[in-house]
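Structure, as structure tokens:
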Amino acid sequence: MRRLAFIAMAFAALAAAAWAPSPSPSPLLGPASLASLPAVPVPAHNPMSEEKIALGRLLFFDARLSGDASTSCASCHLPQHGWSHSEALAPGYPGHRLWRNNPTVLNAAYFRHLMWDGTLDSLEIQARSAMQAPVEGNGKAFMVEMRLRLIPDYVERFRRVFGSEWPQLDDAWRAIAAFERTLVSDPRQVPFDRHLAGDRTALSPAARRGLALFEGKAGCVQCHHGALASDEGFHALGVPRQQLFDSNPRVQIAVRWQNRQRDVPRAVYRNRDEDLGRYYRTRDPADIGKFRTPSLRELKYTAPYMHNGVFATLREVVDFFDAGGGETANKSPLLKPLGLRSEEKTDLVAFLEALSMERPLLVAVPELPPILPLDGVVSTDCAAPAPAAKGSL
Amino acid sequence: MSWLQKTFRALPMLCLLAAGWSAAKAEAPQLQPLPAPAKVDPALADLGRHLFFEPRLSGDGSRSCASCHIPARGFADGEPLSRGYNGTEYFRNAPGLLSVRLKPRLMWDGRGTELTAVVREMVLDAQFMNGNAGIIAERIRQMPPLFALWRRAFGERSEPRGEQAFLAIGEYLKTLDFGRSAVDAALRGEAGLPPLADQGMRLFTGKAGCVACHHGPLLSDGKPHRLGVPEHPALMREPLRTVSLLRHVALHKLPNPMATRGDPGVYAISKDPAERGSFITPGLRGLNHSAPYLHNGRFGSLDEVVDFHDRGGGPGSELRPLGLSQQERRALVAFLQALSAPLEKVAEPPAHDYNAVDGRRW
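Chains A and B are the protein sequences, given in the same order.
Per the working numbering, the very first residue in the first sequence carries number 183; after that it's consecutive.
Per the working numbering, the very first residue in the second sequence carries number 111; after that it's consecutive.
Structural data, given as structure tokens:
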């Protein structure tokens, strides 16, 4: 496994050498220039293996990891919606509604900091955080871990992959993270990556014009550069308020709870019914309203857009930037009205779409292994368990 | 060491002394009528009543306290083994809540010593309602009529807090009492029992010796005892029951939870191996409404329970065979039935709904 990680790192270095125009601190952050994705980075503490990935794939789709066995990772990160959710604010755990647009899992493996406010540092931590947060998975550790231990197929798989007698919950997060590291764009299917690799016909004329605007007049590349088309930095754009914050009781509950959960000062909790973004991590008022620059890869499949999902189409996003963004206290000085003509906006959208794979990355929903009596006792009145296709209990 | 700790350290000695003293005085444990109703804060208890029936206290908003503590079933659920939260199956019987304020130790394994703390466990624990105190507070704020009750109970400028919600539910529970039974009337000398029940009462306090453990106003000594009640086969047959049992064992840090095959009872709490498989004596009021019986609901009728005690219980039991005749067993059952009073109708509060609120105005 160590060798796999080494190979991954070697690829990353190669990629940096091949595509980054000048030396940069990270192969993902070519300054002010786009790049193709290198091989996915794999942390030394969680090497990849086929069996681990297969286990992670099962767990990703298994709702038994949540409190009431209703919600799997895939409930909010749907493969058919670009491993994200079609609604601006996804429902999350039953009885709730989330306060932020949930980001796609695609290429998440490349980010150094996850989430819109950059508060989590690895896929392993993110998996645990999401499945245990009351508004997302609400799965408490002992209960979920014990469920896994009563699923003989999992016991066997965890044993093979991790060498443990019984499934350990932390290993479940490792397996899910390993699976997520396979959910990355295939450069052979991304027109822009083929373009970078030298295929002069990969981009349509409109997309080529869009690329020129992206790197030139529109200035998008100032923040959207590197292999992810993100500087991984935090910027305030003045994105319009999500109207669900004013109309949806569950969203309002979520906003207040998130603010209190993050232990903001009392006056902030009482007077700011909004998402304060990067401020939660730094507690610097200058960071209020700043959110991490999202990747621009796979946008074709991940609508709606922005941290609150307020824009339904890429055209709306482009219109917003063309207008120089919105109103907000800490607004980025980089945003200025662009004066784009309608055709130019169309070209920009064409380029953005060329950063997505031509066909979405899908994975067959696996058949999940059944939960069975511990000692293999199967009596007549509980019969042979039906194949638990949806992870039903 | 605080005086409290000192008292606890000295407790075994005190108990011995007390036992010796009571033996010397030959004071037999007594049946007692129900005491007067508890004094409660009416606004707090009313808020607690609304919260008791409010499913939004649970994680997924689907289950209230009343889902397993059903008023028409004496605030139990009528199942041998309670279900618990969605996606789980519990491994014990849901106890009724009438006169719960009089129980010295709560829960079958006695792990509850304080009503509010038990309410907190039930609402927050993954097994029961899987709620979150902070979410509960914000949900209450989102239901204006409930929020108004909150401020009536806690003050005009008060804000919802999970911990205080548990306090309010506890206050409501203090208002729940068994009705006055035929036995209460007899104990107060107001009316005699029918002959069969009267014979049962004499057996209860005499030959059958039930009163040794079943005394006081609830007919419970509040202490752990082992009767050797057979394990419920569902514990190992139904995997979700096993999950909840093994999780309980792991949560209470008993060694080797994966090797557990039966209910550890009080042992999981006290860690005293002598208490393996023992459970807190249940009260005997309201039994007509709270079948099935015992910690795992193994017995569906009082006849079965009396037969079981008459046999001296099961393997490892503290009980001795009683040698009761069939007629005597019937008399005992008649007495037990006379300990029930008709259930009072409980007024369920109307369901509350969420409203969108002006986020900048609290």
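Glycine included, C-beta positions come from ideal geometry on N, C-alpha and C.
Close beta carbons around LYS482 (chain A), own chain, < 6 Å, minus the five adjacent residues each side: Locating residue 482 (chain A) in the first sequence gives position 300, where the first residue counts as 1. Once the five neighbours on either side are set aside, the close Cβ partners of LYS482 (chain A) are GLU535, SER538.
Whether ALA411 (chain A) touches SER514 (chain A) by CB criterion (8 Å): In the first sequence, counting from the first residue as 1, residue 411 (chain A) sits at position 229. In the first sequence, counting from the first residue as 1, residue 514 (chain A) sits at position 332. Not closer than 8 Å, so no.
Partners in chain A for SER172 (chain B), counting only beta-carbon separations shorter than 8 Å: For this step, residue 172 (chain B) is matched to residue 62 along the second sequence. The contacting residues are ASP250, PRO276, GLY277.
Cβ neighbour criterion (16 or more within 10 Å) applied to GLU348 (chain B): Your numbering for residue 348 (chain B) matches position 238 in the second sequence. With 16 or more other Cβ atoms within 10 Å, it is buried.
Buried or exposed by the 16-neighbour rule on C-beta atoms within 10 Å, applied to GLN237 (chain B): For the purposes of this step, residue 237 (chain B) is taken as the residue at position 127 of the second sequence. Counting C-beta atoms within 10 angstroms of its own C-beta, GLN237 (chain B) has 16 or more neighbours from the protein chains shown and is therefore classed as buried.
Environment of ARG294 (chain A) [buried if 16+ CB atoms lie within 10 Å]: Translated into positions along the first sequence, residue 294 (chain A) becomes position 112. Looking at its Cβ environment, which holds fewer than 16 other Cβ atoms inside 10 Å, ARG294 (chain A) is exposed.
Reference GLU269 (chain B); option with closest CA among A:VAL499, A:PRO223, A:TYR451: On the second sequence, position 159 is the one that residue 269 (chain B) refers to. It is A:TYR451.
Proximity below 8 Å, CB of GLY184 (chain B) to CB of LEU208 (chain B): For this step, residue 184 (chain B) is matched to residue 74 along the second sequence. For this step, residue 208 (chain B) is matched to residue 98 along the second sequence. Going by C-beta atoms, GLY184 (chain B) is nearer than 8 Å to LEU208 (chain B).
Chain-ordered neighbours of LEU554 (chain A) on chain B, where CB pairs are closer than 7 Å: Taking the first residue of the first sequence as position 1, residue 554 (chain A) is located at position 372. Near LEU554 (chain A) (Cβ distances below 7 Å), the residues of chain B are PRO349.
Classification of PRO552 (chain A) by the beta-carbon crowding that lies within 10 angstroms, buried from 16 upward: Here residue 552 (chain A) refers to the residue found at position 370 when the first sequence is read from its first residue. Flag for PRO552 (chain A) reads buried.
Cβ neighbour criterion (16 or more within 10 Å) applied to LEU210 (chain A): Here residue 210 (chain A) refers to the residue found at position 28 of the first sequence. Note that LEU210 (chain A) scores 41 on pLDDT, short of 50, meaning its location in the model is unreliable and no value can be drawn from it.
C-beta atoms of CYS178 (chain B) and SER168 (chain B) nearer than 8 Å: If you number the second sequence from 1, residue 178 (chain B) lands on position 68. If you number the second sequence from 1, residue 168 (chain B) lands on position 58. No, they are not a contact pair.
Backbone secondary structure at PHE243 (chain A) - three-state DSSP: The residue you call residue 243 (chain A) lines up with position 61 of the first sequence. It is coil, neither helix nor strand.
Span separating the alpha-carbon of ASP457 (chain A) from that of GLY300 (chain A): As a first step, residue 457 (chain A) must be located in the first sequence, where it is residue number 275. As a first step, residue 300 (chain A) must be located in the first sequence, where it is residue number 118. Answer to the nearest angstrom: the Cα atoms are 14 Å apart.
Exposure of THR484 (chain A), with buried meaning 16 or more beta-carbon neighbours within 10 Å: In the first sequence, residue 484 (chain A) corresponds to position 302, counting from 1. THR484 (chain A) is buried by the Cβ-count criterion.
Span of the alpha helix (DSSP H) around HIS442 (chain B): Position 332 of the second sequence, counted from the start, is the residue given in the question as residue 442 (chain B). First, the amino acid is wrong: residue 442 (chain B) is Leu here, not His. Residues 436-447.
Burial state of MET368 (chain B) (16 or more Cβ within 10 Å): Along the second sequence, one-based indexing puts residue 368 (chain B) at 258. Taking all protein chains shown into account, MET368 (chain B) has fewer than 16 neighbouring C-beta atoms within 10 Å of its C-beta and is therefore exposed.
Contacts of GLU248 (chain B) in chain A (Cβ-Cβ under 7 Å): What you label residue 248 (chain B) is simply residue 138 of the second sequence in a count that begins at 1. Neighbourhood of GLU248 (chain B) in chain A, by CB distance below 7 Å: ILE435, ARG438, TRP439, in chain order.
Exposed unless 16 or more other CB atoms sit within 10 angstroms - verdict on THR198 (chain B): The residue you call residue 198 (chain B) lines up with position 88 of the second sequence. Its Cβ being crowded by 16 or more others within 10 Å, THR198 (chain B) is buried.
Residue-level contact to chain B via CB, SER257 (chain A), 8 Å cutoff: Along the first sequence, one-based indexing puts residue 257 (chain A) at 75. Judged by the 8 Å Cβ criterion, SER257 (chain A) is not in contact with chain B.
C-alpha gap between ARG251 (chain B) and ASP151 (chain B), whole angstroms: Here residue 251 (chain B) refers to the residue found at position 141 of the second sequence. Here residue 151 (chain B) refers to the residue found at position 41 of the second sequence. Cα-Cα distance, rounded: 22 Å.
Local conformation of GLY184 (chain B) per DSSP, three classes: Stepping through the second sequence from its first residue, residue 184 (chain B) is reached at position 74. In the three-state DSSP reduction, GLY184 (chain B) falls in the coil class, being neither helix nor strand.
Bridge partner(s) assigned by DSSP for LEU296 (chain A): Here residue 296 (chain A) refers to the residue found at position 114 of the first sequence. LEU296 (chain A) is bridged to A:LEU302.
Cβ-based neighbour list, ASN441 (chain A), same chain, cut-off 6 Å, excluding 5 preceding and 5 following: Numbered from its first residue, the first sequence carries residue 441 (chain A) at position 259. Answer for ASN441 (chain A): TYR451, listed in chain order.
Residues near ASP235 (chain B) in its chain [Cβ-Cβ closer than 7 Å; skip 5 each side]: Along the second sequence, one-based indexing puts residue 235 (chain B) at 125. If we look at ASP235 (chain B) and ignore the five residues flanking it on each side, it has no Cβ neighbours.
Counterpart residues of PHE389 (chain B) in DSSP-defined beta bridges: Taking the second sequence and counting its residues from 1, one reaches residue 389 (chain B) at position 279. Note: PHE389 (chain B) sits in a beta bridge opposite B:HIS335.
SER354 (chain B) in three-state terms, based on DSSP: Within the second sequence, numbered from 1, the residue matching residue 354 (chain B) stands at position 244. Secondary structure of SER354 (chain B) (DSSP, three-state): helix.
Within 8 Å, strictly: CB atoms of GLY289 (chain B) and GLY423 (chain B): Here residue 289 (chain B) corresponds to residue number 179 of the second sequence, with the count starting at 1. Here residue 423 (chain B) corresponds to residue number 313 of the second sequence, with the count starting at 1. Result no, Cβ atoms of GLY289 (chain B) and GLY423 (chain B) do not sit closer than 8 Å.
SER400 (chain B) CB to nearest heavy atom of the ligand NAD below 7 Å: Among the components of this structure there are no ligands whatsoever, and the ligand NAD is therefore not found.
At least three beta-carbon pairs within less than 8 Å, the segment 354-372 of chain B to the segment 427-447 of chain B: Taking 8 Å as the limit for Cβ pairs, the verdict is that the segment 427-447 of chain B does not touch the segment 354-372 of chain B.
Identity of the residue in B:GLU385, B:LEU259, B:MET311, B:MET346 nearest HIS335 (chain B) by Cα: For the purposes of this step, residue 335 (chain B) is taken as the residue at position 225 of the second sequence. Ranked by Cα distance from HIS335 (chain B), the options B:GLU385, B:LEU259, B:MET311, B:MET346 are led by B:GLU385.
Separation of ARG454 (chain A) from GLU549 (chain A), as counted between CA atoms: By one-based count along the first sequence, residue 549 (chain A) stands at place 367. By one-based count along the first sequence, residue 454 (chain A) stands at place 272. Roughly 45 Å between the two C-alpha positions.
Exposed unless 16 or more other CB atoms sit within 10 angstroms - verdict on ALA468 (chain A): Taking the first sequence and counting its residues from 1, one reaches residue 468 (chain A) at position 286. By the 10 Å Cβ count, ALA468 (chain A) comes out exposed.
Cutoff 8 Å: ARG357 (chain B) Cβ touching any chain A Cβ: Within the second sequence, the letter at position 247 stands for residue 357 (chain B). At a cut-off of 8 Å between C-beta atoms, ARG357 (chain B) counts as an interface residue with respect to chain A.
C-beta atoms of HIS399 (chain B) and PHE389 (chain B) nearer than 8 Å: Residue 399 (chain B) sits at position 289 when you count from the first residue of the second sequence. Residue 389 (chain B) sits at position 279 when you count from the first residue of the second sequence. Contact check for HIS399 (chain B) against PHE389 (chain B) fails: the beta carbons are separated by 8 Å or more.
Buried or exposed by the 16-neighbour rule on C-beta atoms within 10 Å, applied to HIS227 (chain A): Residue mapping note: residue 227 (chain A) aligns to position 45 of the first sequence, counting from 1. Its Cβ having fewer than 16 others within 10 Å, HIS227 (chain A) is exposed.
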